[in-house]
Structures are given as structure tokens and as C-alpha cells.
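Under the numbering used here, think of the first position of the sequence shown as 35, with each following residue one higher. Input: a single structure, listed below in C-alpha cells.
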Amino acid sequence: MLHLSRLIGRPVRDSAGDMIGSISDLIVAVGESHPPVTGLVVRTGRRQIFLPWSAVERLDATGAEIRTGRVDIARFNQRKQEIMLKGDLLDKQIVDIDGRKVVRANDVLLDFVEGAMRLVAVDVGAAGLLRRLGLPDPWIARLSGERSRVASYIDWEDVDPLGSTIASVRLRVPHAGLSELHPADLATIIDQLTPRDRADIMNSLDDETAAEALEELEPETRADLLEDLEPGRVADLLEEMSPDEAADAVADLSPVSREEILRLMEKEERDDVRGLLAHPEQSAGGIMTTEHVALRRTATVAQALASLRRLEPDADVAHAVYIVDAQRRLLGEVTLRDLILAAPNTVVGTIMEDEPVAVELLAHAEEVARIVTRYGLVAVPVVDEGQRLMGVITAGDALWDVLPEEWRREMPRRVRAGSIAAMDAAKSAPKAHAKGRGKAKGAKRASKQNHG
Numbered sequence: 035m036l037h038l039s040r041l042i043g044r045p046v047r048d049s050a051g052d053m054i055g056s057i058s059d060l061i062v063a064v065g066e067s068h069p070p071v072t073g074l075v076v077r078t079g080r081r082q083i084f085l086p087w088s089a090v091e092r093l094d095a096t097g098a099e100i101r102t103g104r105v106d107i108a109r110f111n112q113r114k115q116e117i118m119l120k121g122d123l124l125d126k127q128i129v130d131i132d133g134r135k136v137v138r139a140n141d142v143l144l145d146f147v148e149g150a151m152r153l154v155a156v157d158v159g160a161a162g163l164l165r166r167l168g169l170p171d172p173w174i175a176r177l178s179g180e181r182s183r184v185a186s187y188i189d190w191e192d193v194d195p196l197g198s199t200i201a202s203v204r205l206r207v208p209h210a211g212l213s214e215l216h217p218a219d220l221a222t223i224i225d226q227l228t229p230r231d232r233a234d235i236m237n238s239l240d241d242e243t244a245a246e247a248l249e250e251l252e253p254e255t256r257a258d259l260l261e262d263l264e265p266g267r268v269a270d271l272l273e274e275m276s277p278d279e280a281a282d283a284v285a286d287l288s289p290v291s292r293e294e295i296l297r298l299m300e301k302e303e304r305d306d307v308r309g310l311l312a313h314p315e316q317s318a319g320g321i322m323t324t325e326h327v328a329l330r331r332t333a334t335v336a337q338a339l340a341s342l343r344r345l346e347p348d349a350d351v352a353h354a355v356y357i358v359d360a361q362r363r364l365l366g367e368v369t370l371r372d373l374i375l376a377a378p379n380t381v382v383g384t385i386m387e388d389e390p391v392a393v394e395l396l397a398h399a400e401e402v403a404r405i406v407t408r409y410g411l412v413a414v415p416v417v418d419e420g421q422r423l424m425g426v427i428t429a430g431d432a433l434w435d436v437l438p439e440e441w442r443r444e445m446p447r448r449v450r451a452g453s454i455a456a457m458d459a460a461k462s463a464p465k466a467h468a469k470g471r472g473k474a475k476g477a478k479r480a481s482k483q484n485h486g
């Protein structure tokens with residue numbers, strides 16, 4: 035095994051033993067789990083030349099020896115899909131996929147694997163820094179500690195190099211490992227990056243994954259990131275988000291950016307977000323989502339389930355379908371459990387719960403949280419003064435703003451994915467003192483609302 039730090043600056047000699055230069059860098063071709071070394075960058079006077087790996091007879095801690103005395107002295111030009119280990123990787127931030135964190139590459143470990151010299155690991159510990167100072171291995175082991183020295187290596191297979199290494203690579207690194215992470219873990223990693231790397235990561239991810247990560251970011255970080263992305267890209271991501279999350283995201287942007295992005299969104303999604311932005315931030319209208327299924331009371335259970343399948347809502351929103359009249363006045367609700375247990379041809383009006391608990395558009399967020407907690411609701415419908423159904427608030431969204439700040443820092447932003455846990459947390463939090471407006475007893479896009 036060889037460390038990059040032990041190779042840089044070492045002499046390069048021809049087959050006769052004459053020195054032709056010194057090792058300036060090593061080149062690997064990205065794409066494999068352990069990419070092969072394709073050549074050396076050799077400094078000869080003021081010029082840097084490329085020495086292909088096929089011309090290298092020997093490479094070790096004493097330097098390199100080439101097979102022939104003939105050397106192509108053409109100036110080195112980096113090619114697509116190549117990374118310079120010293121210039122592009124050393125001292126740069128990388129993502130440890132397995133450890134779900136951002137670390138710094140202090141040294142690089144190389145080894146002969148499957149007949150080729152390959153990049154096998156990155157040293158992110160103190161040992162890598164000490165090695166670059168030229169200290170002998172016994173000193174390094176003593177200063178860094180044997181345990182930390184062993185633990186400081188990250189298998190290259192678990193590394194996602196960040197895009198800012200070099201432009202020719204930045205456009206082609208797929209960040210496949212990052213896309214497999216939980217959105218909360220991905221958001222944690224993005225939060226640790228430089229603005230340039232944040233934007234690069236977001237541009238490399240598919241729309242759905244990137245949108246899910248955006249929902250997990252803190253508002254300030256999210257706003258800064260969105261300002262750095264192309265408006266068209268931001269519009270695409272907002273269209274993937276639930277309307278309430280999209281509204282929260284654009285609300286934190288500058289007025290100019292907000293209007294430009296909204297203009298680029300599809301009309302139905304744009305109208306949905308504008309409608310939510312029109313409500314006070316701490317009101318039911320400001321935290322609701324328009325993602326829901328609304329049906330007439332004459333619809334059948336089969337039609338209700340088909341509507342849920344078309345909408346593909348989050349679990350909390352799918353908890354119930356709402357029954358409305360011709361003017362969209364809320365009449366009742368039917369839970370998903372009741373739909374599953376009923377026969378397909380059952381009319382929903384015969385199994386609905388009359389006058390479900392609801393809140394009005396201008397109800398304060400604390401009042402909504404109190405109602406959700408009091409009745410143990412997974413979601414609560416929102417109605418206007420005429421009792422027309424306007425949207426739904428999940429328990430997670432209802433409770434998020436009233437949780438203590440220190441609790442929110444420890445919880446994933448997407449508490450809507452676990453509303454019962456969120457309600458349990460809220461029950462032990464200080465009680466909100468608010469007057470009730472809810473009716474006694476008891477949305478990814480507006481275009482996806484279903485009416486029977």
C-alpha cells in the first residue's frame with residue numbers, strides 16, 4: 035500500500051537510472067468503486083507532463099521508474115472523467131456516505147488491486163496530516179494514536195467526492211450514494227457544505243430527492259441555497275414539493291426571486307402557492323396544504339380509493355377523505371381504515387362521520403395545535419367562513435411551530451411523516467393558551483384535488 039503524501043515530490047527516473055523529473059500528481063479515472071491510476075503528472079523544470087501508467091515500471095515510496103528513456107514532453111492537459119489526487123482531492127471536502135457526514139481528505143491510500151494500482155481509501159484523520167509533514171510512521175502512530183489512525187480511513191466506495199473538485203468532473207459525478215440517503219441525513223450533509231458545493235449537489239440529484247432534502251433544511255439555509263440555483267431549477271423542485279412546503283420555501287426568498295420563480299412554475303402549482311402565501315404565516319391557512327381528496331356523498335368506496343391512488347398523498351393526508359356538497363361545504367369524513375373495511379360499492383355518505391373536527395382559515399397555529407392534540411388527530415380539515423373545505427393540516431405541521439426551539443433542532447423537519455410521535459412530544463410541551471374556533475365534535479398540488 036502507498037500513501038499519496040509519500041509519493042509527491044519523489045524522483046522519476048528512466049530505465050538507465052537518470053532522473054527526468056519529480057512526481058507532481060497522480061491521475062485516476064472516475065467511475066469504478068476503486069478507480070485505477072491512469073498515469074503520473076511529472077514536473078520537469080517548469081513544465082508538467084503526463085506519464086501514462088503503461089509506461090511506469092515501478093512506483094513506490096522511493097519514486098517511480100519508467101520502462102523507456104523516451105518521454106512525451108507535451109504539456110499535461112486533464113481529460114474528462116479524470117481526477118488529480120493532489121490537485122482535486124487532497125484538502126478538499128468529501129462526503130462519507132456510510133458515516134453520513136462531510137470530512138476533509140488529508141491523505142490518499144493506493145494499492146494494487148486486480149492487477150492495477152487503484153485508489154482504495156481516503157485518510158481523514160490526524161495521521162494523514164502528520165504524514166504530509168514527513169514524520170516517520172512510528173512517530174505518527176504515537177502522536178495520532180493507533181485506534182484513531184485505523185479508524186481514519188474511509189473506503190473510496192463509501193466516498194462521494196464533491197463537485198467543486200474540477201469542472202470537467204463536476205458535471206458528470208452522479209452522487210448516486212447521496213441519493214440513497216434519508217432526506218434528513220442528506221440535509222445534514224448539505225448544511226455542512228460550501229454554497230458552491232450545496233448547489234452542485236442539488237443540481238446532480240433527481241427532482242424528487244432534491245425536493246425532499248429541501249424540505250428538511252433549516253429555512254435560512256434553504257433560502258440561501260435556492261437563491262444560488264437557477265430559477266428554472268428552483269421552479270421544478272417546488273413543483274415536486276407539497277404546496278405548503280413550497281409556499282414556506284418561496285416566502286423566505288427576496289421579492290424579486292420569489293416572483294421570477296413563481297412565474298416559471300406551472301399555473302396550477304403557482305396558483306396553489308400564491309393562495310397559501312396570501313394567508314398569515316401563523317394561521318391555519320398559512321400552514322395548511324391543499325393536498326387532499328374531496329368527494330360528494332354519493333361517491334363509492336371504490337371511487338374514493340381510486341382518488342387516493344391518483345393523488346399518492348403523504349401518509350397523514352391519506353388518513354381520510356372528506357365529503358363535501360356542491361359548494362364544497364364540509365359535510366363529513368371517512369377514514370382510510372373505514373374505506374378498506376367497507377365493500378367497494380358502499381356509498382361513502384353512509385359511512386362518513388358527520389361534522390368532523392375542523393378549524394377556520396384564520397385560526398392561530400397554537401389553536402390548531404391544541405385542537406390536534408386534544409382530539410388526537412392525524413390531520414384536521416380547514417374551512418372558510420362559509421364552511422367550504424380549503425385544505426388540510428397534518429398533525430406534524432400543526433405541532434412543529436409550537437414545539438420548543440431546542441426540540442425542533444433535534445427532530446427531523448419532516449415530522450409529518452410521524453405525526454403520532456410528534457403529538458406525543460407536544461403533549462409534554464407547555465400547553466398553548468388559545469381560544470378555540472374549531473367546529474365542535476370532533477395536497478401536493480391543487481390540480482390533484484379530487485372531486486366526486
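Using N, Cα and C, we set each Cβ at its ideal position, and we do this for glycine too.
Three-state secondary structure (DSSP) at residue i?
i, result
"Ile-42", "coil"
"Glu-273", "helix"
"Gln-20", "In the structure as shown, the chain begins at 35 and stops at 486. Residue 20 is therefore absent and cannot be evaluated."
"Met-236", "helix"
"Glu-180", "Residue placement at Glu-180 is poorly supported in this model, since its pLDDT is 48, which falls under 50; the coordinates are not used for a value here."
"His-216", "coil"
"Lys-420", "Before going further, note that residue 420 is Gly rather than Lys in the sequence given. The answer is coil: DSSP assigns Gly-420 none of H, G, I, E or B."
"Lys-135", "strand"
"Leu-342", "helix"
"Asp-145", "strand"
"Thr-72", "strand"
"Thr-323", "strand"
"Thr-96", "coil"
"Leu-287", "coil"
"Pro-86", "strand"
"Gly-366", "strand"
"Ile-224", "helix"
"Asn-379", "coil"
"Leu-437", "coil"
"Glu-91", "strand"
Within 10 angstroms of the Cβ of residue i, are there 16 or more other Cβ atoms? Answer buried if so, exposed if not.
i, result
"Pro-277", "buried"
"Val-71", "buried"
"Pro-415", "buried"
"Trp-173", "exposed"
"Ile-454", "Bear in mind that the predicted position of Ile-454 carries a pLDDT of just 42, short of 50, making it too unreliable to give a figure here."
"Val-268", "buried"
"Asp-390", "Strictly speaking, residue 390 in this sequence is Pro, with Asp absent from that position. Buried, by the Cβ-count rule."
"Ile-374", "exposed"
"Pro-69", "buried"
"Pro-314", "exposed"
"Ala-480", "Because Ala-480 carries a pLDDT of 32, less than 50, the predicted location of this residue cannot be relied on, and the following value inherits that uncertainty. It counts as buried."
"Gly-159", "buried"
"Pro-170", "exposed"
"Gly-410", "exposed"
"Ala-312", "exposed"
"Leu-167", "exposed"
"Arg-297", "exposed"
Beta carbon of residue i, beta carbon of residue j: below 7 Å?
i, j, result
"Asp-125", "Leu-38", "no"
"Val-426", "Val-351", "yes"
"Pro-289", "Ala-247", "no"
"Leu-259", "Arg-232", "yes"
"Val-129", "Val-136", "yes"
"Val-75", "Ser-58", "yes"
"Leu-423", "Ala-328", "yes"
"Ala-244", "Met-236", "yes"
"Ala-161", "Glu-116", "no"
"Arg-40", "Gly-55", "no"
"Leu-364", "Val-417", "yes"
"Ala-318", "Ala-392", "no"
"Val-286", "Pro-265", "One detail in the question is off: residue 286 reads as Asp in this sequence, not Val. Contact flag unset, no."
"Ala-83", "Gly-73", "Reading off the sequence, residue 83 comes out as Ile, not Ala. No; because the gap between Cβ atoms is not below 7 Å, this pair is not in contact."
"Val-193", "Val-154", "no"
"Met-35", "Asp-189", "no"
"Asn-379", "Thr-334", "yes"
Name the DSSP bridge partner or partners of residue i?
i, result
"His-398", "Ser-317"
"Thr-78", "Arg-81"
"Gly-425", "Val-416"
"Gln-127", "Arg-138"
"Ser-56", "Pro-45 and Arg-77"
"Tyr-409", "Paired residues: none, contrary to the question."
"Glu-66", "Val-64"
"Arg-267", "The partner list for Arg-267 (beta bridge, DSSP) is empty, contrary to what the question assumes."
Determine, using beta-carbon pairs with one atom in the region 369-379 and one in the region 347-357, whether at least three such pairs fall under 8 Å.
yes
Stretch-stretch touch, CB-based, cutoff 8 Å, three pairs: the region 86-103 with the region 48-56:
Look at the beta carbons and you see the region 86-103 touching the region 48-56: at least three pairs across the two are nearer than 8 Å.
Meets three-Cβ-pair contact criterion under 8 Å: the region 336-343 and the region 281-299:
no
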